[in-house]
Amino acid sequence: MWSTLAALALAAATPALPAEDPAPRAEDVAQEPAAADSLTIHAERVYTTGGEVMTDAVVEVSGGKIAGVRPGRSAPRDAVRAAAVTAGMIDLSARLNTRFYSVEQAVEVQPHLDVADSLDLYDPEWRRVARTGVTTVLVNPFDRNVIGGHGAVLKTAGQDDLGARLVEGAKTVIRGAIGTEPSAGNHPAFRRPTDFYSRRPTTRMGVEWEWRKAFFDAVAAQRLPEREFPGADELRAALAGERLLMIQAWATQDIRTAVYLKEEMVREGFGELDLVIDAAAEAWREPALLARSSTAVVLPPFDDDGRVGPDDAFLPWNAARVLVDAGVTVCLSSHGSTGAESTLDRQAGLAMRGGLSFEQALAAVTTDPARILGVEDRVGTVEAGKDADLVLWNGRPFEPTSRVIGVVVGGELVLDPR
Amino acid sequence: MPTSMRTTLTALCLLAAPAAAGEGPSFAIRAARVHADGNTLENAVVLVRDGEIAEVGTDVAVPEELVTVEHDGDLSAGLVALRDYSGIEGEGRDSTRSVLASADLAHAFDPDHSDMQRLIEEGVTTVVLVPRSGSLVGGQCAVVKPGARVLRRNALLHVDLGSSALSSNSFPTSYAGALEELERCFAKTEGPFADARAGSLKTLLQAGDRAEAARAIAFARQHGLKGVLAGAGRAGELAEDLAAAGLGVVLEPFRPGTSRHVLASAARLADAGVPIAFALDAPGDHPATLRLTAAAYVRAGLDPEAARRAMTSGAAELAGVGDEVGSVRPGCDADLVLWSGDPVDPGSRIVAVYVDGELVHGDPTKEKDEEDDDGGDE
Chain A
955 MWSTLAALAL
965 AAATPALPAE
975 DPAPRAEDVA
985 QEPAAADSLT
995 IHAERVYTTG
1005 GEVMTDAVVE
1015 VSGGKIAGVR
1025 PGRSAPRDAV
1035 RAAAVTAGMI
1045 DLSARLNTRF
1055 YSVEQAVEVQ
1065 PHLDVADSLD
1075 LYDPEWRRVA
1085 RTGVTTVLVN
1095 PFDRNVIGGH
1105 GAVLKTAGQD
1115 DLGARLVEGA
1125 KTVIRGAIGT
1135 EPSAGNHPAF
1145 RRPTDFYSRR
1155 PTTRMGVEWE
1165 WRKAFFDAVA
1175 AQRLPEREFP
1185 GADELRAALA
1195 GERLLMIQAW
1205 ATQDIRTAVY
1215 LKEEMVREGF
1225 GELDLVIDAA
1235 AEAWREPALL
1245 ARSSTAVVLP
1255 PFDDDGRVGP
1265 DDAFLPWNAA
1275 RVLVDAGVTV
1285 CLSSHGSTGA
1295 ESTLDRQAGL
1305 AMRGGLSFEQ
1315 ALAAVTTDPA
1325 RILGVEDRVG
1335 TVEAGKDADL
1345 VLWNGRPFEP
1355 TSRVIGVVVG
1365 GELVLDPR
Chain B
106 MPTSMRTTLT
116 ALCLLAAPAA
126 AGEGPSFAIR
136 AARVHADGNT
146 LENAVVLVRD
156 GEIAEVGTDV
166 AVPEELVTVE
176 HDGDLSAGLV
186 ALRDYSGIEG
196 EGRDSTRSVL
206 ASADLAHAFD
216 PDHSDMQRLI
226 EEGVTTVVLV
236 PRSGSLVGGQ
246 CAVVKPGARV
256 LRRNALLHVD
266 LGSSALSSNS
276 FPTSYAGALE
286 ELERCFAKTE
296 GPFADARAGS
306 LKTLLQAGDR
316 AEAARAIAFA
326 RQHGLKGVLA
336 GAGRAGELAE
346 DLAAAGLGVV
356 LEPFRPGTSR
366 HVLASAARLA
376 DAGVPIAFAL
386 DAPGDHPATL
396 RLTAAAYVRA
406 GLDPEAARRA
416 MTSGAAELAG
426 VGDEVGSVRP
436 GCDADLVLWS
446 GDPVDPGSRI
456 VAVYVDGELV
466 HGDPTKEKDE
476 EDDDGGDE
């Protein structure tokens, strides 16, 4: 159907061009017949990259990639229309399929196990998330372990095959947590030990101890091979900067602990961790510390009374602004919440209300997370050659009066505005 | 047939039963339709000698001294259920360990348990006893004949790749941990896991949903495992992968609320050439569920002949006992069921059941089942 209509459009377009238009555009349009999996989107504003906007533009999609962005005066009549188009949004804390089965709790430190083994791509939740405009997600093991294992970077829609959905070239992520969550299921040994939860850590002190022990033991095992344990090589890779280490830490004290951990590893000569802190609600209290240690943060959704997370951390409306002004890379997330106001587009709007400029808010949900994951050459902007992950809006993005009306993932129209 | 002749035949049956000088019964049955090895023969004769099927055909010469039972209906092999818990009660799983590969379900088999007679009354003459869910590797399945004997021990190695193998307070608590443990097991160079990799021991892979089934299929291909996938109702949507992996599928029993997607699976698998069988979770499910399950899948599009095969020879072959039971074929045990109509028609009645040639239920000479016991109010 597309090829027929596109061919008709091409036939109609050529004679309709005004004489003073440069010929190359007509040639570009006329030469190649549209492929069967192609899509044409016309928007009043296309937010291409950085702060740039193209007005009255057309985005051509073909073969799952963005073929090009061009002025839209000759857009075919069957083009999908929107008021605005941005790149697909990226959620570093989507928590899809992140249930108890996604983390192996037999041992608190499992850096080598993979959340991909527990993903259910048939879950309708993926489609729901895709339709909110989130096209790429980082999924992590449930935060019941001190170190839960590998996360997975994948597209929210596409084939049901895991191999096809994983984003190639993304950094390998190791996920862990600092605070009360990892110790929540454990209890001291003086109770009747009916299961393996009679163990440490039972406090956040114990959790920090587990982190430091894991790294020290991993480094020691390099010199003393008999001390090798499962996952030690993953920790050493993290120290070598070959892994993205994502630590969940809501409260100020836990955020500090995470950064101090990174600084201690540098001081000891073990290596520099590539650290990003998830659910860093109180990061706004330590912007200088985060900036000097080059630690990026992911913020959880804003809440009415400012209290978020298991530790009732305080997240003010201007948290993102404070951090961005201090030079900290900030990403927004839904943190698995399914509420209508927790979606990334709403979060970006709230961050703007808290002081972020539009460009900064857009970066916080597109280019910054893409760069953190190491996939900025594939996603995050609307440019030729990148994956066709797009969000269509019925107004200016992130405004409370605007809505996501269309979503394209890998060239497939997951949410159709028509 | 006139009643007087039928009565005479009954008398002759009773007198003539141990006529042959062998180990088991010898007689013949002529039925209006005989479902034999993929064909339905009209007005054919099955000749039984010493409890085994000797000949099947439309022009079998029955020796004079043997009785011929006349049946105006269908004859099929006894039904074979590929997953059952009859008679096991609490013995189906050792919960102290998640992996107990050499546990033998045959030790839990009680041929005289009351569950067994109920199976026979519904025409189920062979079942595969499977470990109860909860273990990562529960043991090895046993193929047994209710009321009779163990047909084959160590028929299938049970491996659970679903959430039923995961626990909240013992290892493994996660899919990743379970897979890591299974990799450790299958790296062993001897024992049941090594046999499974070598192909001498088939596996029963348990999975709950499509994602788990996809992982199970990938695991089987990675380790060269052969056998069946059980527990995934919508396995039909993975038909191509299953066919490529050379795995069979055990279809879930029909229950009220079984979705149309699950019911459509059977036809899709059959079309893709994937061998299928039915599960019967007796005694939790009534043994009649086996043929009602077949009927439900037929109604959803499964070919009736494929359904008949799935509940008899198909199941037997997947369990590794296809040469002994499940078919009306010379050399097979005389496990036969006489029906008033097509076995996959839920309206059909079971008239008689034979195991190893012995009449164990019903009476082919009677028009209707006459109740021997009161039965109770259910």
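Chain order of the listed sequences is A and B. First residue of the first sequence? That's 955 in our numbering, and the numbers climb one at a time after it. First residue of the second sequence? That's 106 in our numbering, and the numbers climb one at a time after it. Glycine is no exception: its CB is placed at the ideal position from the N, C-alpha and C atoms.
Identify the continuous beta strand (DSSP E) that holds A:I1359 and give its terminal residues.
-> 1358-1363 is the span of the beta strand (DSSP E), which, as asked, contains A:I1359.
Chain B partners of A:D1187, CB-CB under 8 Å?
-> The CB of A:D1187 never comes closer than 8 Å to any CB in chain B; the least such distance is about 15 Å.
Using the rule of at least 16 other Cβ atoms within 10 Å of the residue's Cβ for burial, across every protein chain shown, is A:N1094 buried or exposed?
-> Counting Cβ neighbours within 10 Å, A:N1094 comes out buried, since at least 16 surround it.
Verify whether the separation of the beta carbon atoms of B:C290 and B:V242 is less than 8 Å.
-> It is a contact, given that the beta carbons lie within the stated cut-off.
Straight-line gap, A:R1082 to A:L1215 (C-alpha atoms, nearest Å) = Going from the Cα of A:R1082 to the Cα of A:L1215 covers about 37 Å.
The stretch 271-287 of chain B: which residues have C-beta closer than 7 Å to a C-beta of chain A, in chain order?
-> Of all residues in the stretch 271-287 of chain B, L271, S273, N274, S275, F276, P277, T278, S279, Y280, A281, G282, L284, E285 have a Cβ within less than 7 Å of some Cβ in chain A.
Tell me, please, which residues DSSP counts as bridged to B:V249.
-> B:V232, B:V255.
Determine the extent of the beta strand (DSSP E) in which B:F132 is found, giving its start and end residues.
-> 132-141 is the extent of the beta strand (DSSP E) around B:F132.
Could you give the distance in angstroms between the alpha-carbon of A:T1090 and the alpha-carbon of A:A1070?
-> Cα to Cα, the separation comes out at about 15 Å.
Within chain A, partners of B:D386 - CB distance below 7 Å | Against chain A, the beta carbon of B:D386 has no neighbour under 7 Å; the closest one sits roughly 23 Å away.
Ranges of the alpha helix (DSSP H) found wholly within the stretch 1183-1219 of chain A, counting only runs of at least 4 = Counting whole runs of 4 or more residues, the stretch 1183-1219 of chain A contains the alpha helix (DSSP H) stretches 1186-1193.
How long is the line joining the alpha carbons of B:L152 and A:L1073, rounded to whole angstroms?
-> Going by the C-alpha atoms only, they are around 55 Å apart.
Looking at the structure shown, is A:F1268 part of a helix, part of a strand, or coil, going by DSSP?
-> Secondary structure at A:F1268: strand, using DSSP grouped into helix, strand and coil.
Can a CB atom of chain A be found closer than 8 Å to the CB of B:S268?
-> Under the 8 Å criterion on CB atoms, B:S268 is classed as interfacial with respect to chain A.
Select from the stretch 1052-1064 of chain A all residues with a C-beta closer than 9 Å to any C-beta belonging to chain B, and list them in chain order.
-> Going along the stretch 1052-1064 of chain A in chain order, one finds F1054, Y1055, S1056, V1057, E1058, Q1059, A1060, V1061, Q1064 with a Cβ nearer than 9 Å to chain B.
Identify whether A:I1132 lies in helix, strand or coil by the three-state DSSP scheme.
-> Residue state, collapsed to three classes: coil.
Proximity winner among A:G1123, A:M1043, A:F1054, A:A1233, relative to A:R1085 (alpha-carbon distances) = When only C-alpha atoms are compared, the closest one is A:M1043.
Distance, A:V1015 Cα to A:P987 Cα = Caution is warranted here: a pLDDT of 45 is assigned to A:P987, below 50, making its placement in the model unreliable, and no coordinate value can be reported.
Cβ-Cβ distance between B:P216 and B:G183 below 8 Å | No; because the gap between Cβ atoms is not below 8 Å, this pair is not in contact.
Quick one: what does DSSP say B:L184 is sitting in, helix, strand or coil?
-> Under the three-state reduction of DSSP, B:L184 is assigned to strand.
State the Cα-Cα distance for the pair B:A405 and B:R365, rounded to the nearest angstrom.
-> B:A405 and B:R365: Cα-Cα distance of roughly 8 Å.
Who are the near neighbours of A:V1276 in its chain, counting only those whose CB is closer than 7 Å to its CB and skipping five residues on each side?
-> In the same chain as A:V1276, and ignoring 5 residues on each side of it, the C-beta atoms closer than 7 Å to its own belong to W1238, P1241, in chain order.
May I have the straight-line CA-CA distance separating B:T398 from B:L306, to the nearest angstrom?
-> Using only the alpha carbons, I get a separation of about 28 Å.
DSSP state of B:H328 mapped onto helix, strand, coil = B:H328 falls in the helix class under three-state DSSP.
So, is B:E169 buried or exposed, given that buried needs 16 or more other C-beta atoms within 10 angstroms?
-> With fewer than 16 other beta carbons inside 10 angstroms of its own, B:E169 counts as exposed.
Would the C-beta of B:A349 count as close to the ligand GTP, meaning under 7 Å from any of its heavy atoms?
-> Of the ligands one can find in the structure shown there are none, so the ligand GTP has no counterpart to examine.
Under a CB-based cut-off of 8 Å, is B:R315 close to chain A?
-> Chain A contact via Cβ: present.
Burial state of B:P469, where buried means 16 or more other Cβ atoms lie within 10 Å = Buried, because 16 or more other Cβ atoms sit within 10 Å of the Cβ of B:P469.
How is the alpha helix (DSSP H) around A:G1160 delimited, first residue to last?
-> It spans 1158-1177 - the alpha helix (DSSP H) in which A:G1160 sits, taken as one unbroken run.
Looking at the C-beta of A:S1137, does it have a partner C-beta in chain D at a distance below 8 Å?
-> The structure shown contains no chain D; its protein chains are A and B.
Measuring CB to CB, does B:V233 end up less than 8 Å from B:R188?
-> Their beta carbons are under 8 Å apart, which means B:V233 touches B:R188 by this criterion.
Same chain only: Cβ atoms within 6 Å of A:G1190, ignoring 5 sequence neighbours per side | Checking the sequence shown, residue 1190 of chain A turns out to be Arg, not Gly. The answer, listed in chain order, is A1172.
State the Cα-Cα distance for the pair A:F1352 and A:V1282, rounded to the nearest angstrom.
-> Rounded to the nearest angstrom, the two C-alpha atoms are 22 Å apart.
Find out if the Cβ-Cβ distance for the pair B:S236, B:G197 is shorter than 8 Å.
-> According to the sequence shown, residue 236 of chain B is Pro rather than Ser. Cβ atoms of B:P236 and B:G197: closer than 8 Å.
Bridge partners of A:L1243, per DSSP?
-> DSSP output for A:L1243 lists no bridge partner at all.
Please specify which runs of the beta strand (DSSP E), each continuous and at least 3 residues long, are wholly inside the stretch 137-222 of chain B, giving them in chain order.
-> As summarised for the stretch 137-222 of chain B, the continuous beta strand (DSSP E) elements at least 3 residues long and confined to that stretch are 144-154, 157-162, 173-182, 184-189, given in chain order.
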